[in-house]
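Worksheet: one structure, shown below.
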Amino acid sequence: MFFSRVGQSVAPRRAALLALSVVAPALVLSACMSSEKDVNLATYVDQTEPADVLYNQGLANMNAGRLDEASKKFDAVDRQHPYSEFARKSMVMGAFADYRAGKYDEAIGSAKRYLTLYPSTDDAAYAQYIIGLSYYRQIKDVTQDQKEARQTVQTMQDLVTRWPTSEYVDDAKDKIRFATDQLAGKEMQIGRYYLERREYIAAVKRFRTVVENYSNTRHVEEALARLTESYYAMGLTSEAQTAAAVLGTNYPDSQWYKDSYKLLQSNGLQPRENAGSWISKAGKLITGA
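Numbered according to mature numbering (1 follows the signal peptide of the UniProt record, and there is no 0), the sequence shown spans residues -30 to -1, 1 to 259.
What follows is the structure in structure tokens.
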């Protein structure tokens, strides 16, 4: 088309003027009556710049902290030079610029699109990492919904699994640990809520989730103590003793263990593990010892 190449050579400029004269002679007549500097062809046509120029402008803007401008430049590369090498690179850099600007939904969308189009490239792991970081930055306090924490774990675990030698793996594992700890913290918060209201079955369910699914977090110590308390209140002394025993095996110097031991002693009981209990089986997965 005439309008897509204005600014690259004299011939397209003349062609554009000719096209305008056919479609809108009144506009050409008006332009002739005006001085040459009043004619702004950019009003009618889209300027197209070389891909490398736009890409480097995007990098320069990003380095200068002008993230919105950087994002626009990278988007222009993708729009004006689709499926080119610079378009591919611009897509992932645009996602990073959006991430840096706090536009997490846009960053996630661009990075996911990159993975759909280029799943086997060297930058695919980086795109996955950007998605994970965007979810990670949106993780909320444990008093709120932990959807983003779950998405962080899933996305970063996919990164670790699919690109195990990537330079982003170590940080991805750190983000997984933090997000997992948040998920365990949420379960503990709900469990305490039920325990305070003496809804012991509901409380046990939450504390059990922590012990079985989040055994490598800092919350498992308290979860075992809360299980001791809950089972003791329900009259299930064997389970209470087992929870205390597993707690003592893994955290012998813990204040939670001392409190659990004291609770059992108040009724002449001591920690004693029942090998057939789910607590005993789950205790073998605890990494706190």
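Backbone N, C-alpha and C fix where the C-beta goes; we use that ideal spot for every residue, glycine too.
Keep in mind the model is a prediction, meaning the values are calculated, not measured.
Simplified DSSP assignment, three categories, for residue i
i, result
"residue 299", "Only positions -30 to 259 of the chain appear in this structure, which leaves residue 299 out of reach."
"Asp75", "helix"
"Trp133", "coil"
"Ala213", "helix"
"Asn220", "helix"
"Glu199", "helix"
"Val(-8)", "With a pLDDT of 38 at Val(-8), under the threshold of 50, the modelled position of that residue is not reliable, and the figure given next carries that caveat. The answer is helix: DSSP assigns Val(-8) an H, G or I state."
"Thr187", "coil"
"Ala246", "Here residue 246 is Gly; the residue named in the question, Ala, does not match the sequence. Gly246: coil per DSSP, three-state reduction."
"Lys254", "coil"
"Arg58", "helix"
"Arg49", "helix"
"Arg176", "helix"
"Ile146", "helix"
"Thr125", "helix"
"Val23", "helix"
"Ser236", "coil"
"Tyr227", "helix"
"Gly(-24)", "Low per-residue confidence applies at Gly(-24): pLDDT is 37, beneath 50, and the placement is therefore not dependable, though the value from the model is reported in the following sentence. Note: Gly(-24) maps to coil in three-state DSSP."
"Gly205", "coil"
"Arg168", "coil"
"Tyr69", "helix"
heavy atom of the ligand SAM below 7 Å from residue i C-beta
i, result
"Ala71", "This structure lacks the ligand SAM, and indeed carries no ligand of any kind."
Assigned exposure category for residue i - 16 Cβ within 10 Å defines buried
i, result
"Val23", "exposed"
"Ile171", "exposed"
"Gly72", "exposed"
"Asn237", "exposed"
"Asp93", "buried"
"Asn220", "buried"
"Glu192", "buried"
"Leu255", "exposed"
"Ala210", "buried"
"Arg132", "exposed"
"Gly253", "buried"
"Tyr163", "exposed"
"Arg242", "exposed"
"Gly64", "buried"
"Arg178", "buried"
"Asp115", "exposed"
"residue 338", "Any question about residue 338 goes unanswered here, given that the chain covers just -30 to 259."
"Asp223", "exposed"
"Gln235", "exposed"
"Ser60", "buried"
"Lys251", "exposed"
Cβ pair residue i, residue j closer than 8 Å
i, j, result
"Thr212", "Ser247", "yes"
"Leu129", "Ala142", "yes"
"Ala67", "Phe44", "yes"
"Ala245", "Leu217", "no"
"Ile101", "Thr135", "no"
"Gly161", "Val112", "no"
"Leu29", "Arg70", "no"
"Met32", "Ala21", "no"
"Val62", "Ala34", "no"
"Leu233", "Thr207", "no"
Nearest residue (CA-CA) to residue i, options the options
i, options, result
"His189", "Glu157, Gly102 and Ala214", "Glu157"
"Leu103", "Thr187, Ala77 and Arg167", "Ala77"
"Arg58", "Tyr163, Leu85, Ala173 and Asn33", "Leu85"
"Tyr53", "Tyr138, Arg83 and Val123", "Arg83"
"Ser230", "Ala203, Arg36, Thr198 and Leu206", "Thr198"
"Ser200", "Met63, Gln159 and Leu165", "Leu165"
"Asp75", "Glu39, Glu118, Pro89 and Ala210", "Glu118"
"Val123", "Gln114, Asp115, Asp144 and Trp133", "Asp144"
"Glu137", "Tyr227, Gln114 and Ala95", "Ala95"
"Gln121", "Ala97, Ile146, Val181 and Gln235", "Ile146"
"Glu182", "Leu239, Gly35, Thr150 and Phe56", "Thr150"
"Tyr106", "Gln127, Glu55 and Thr91", "Gln127"
Cutoff 8 Å: residue i Cβ touching any chain B Cβ
i, result
"Ala213", "Going by chain labels, chain B is absent from the structure shown, which holds only one protein chain."
In chain order, each alpha helix (DSSP H) run of at least 4 residues that lies wholly inside the region 79 to 124:
94 to 106
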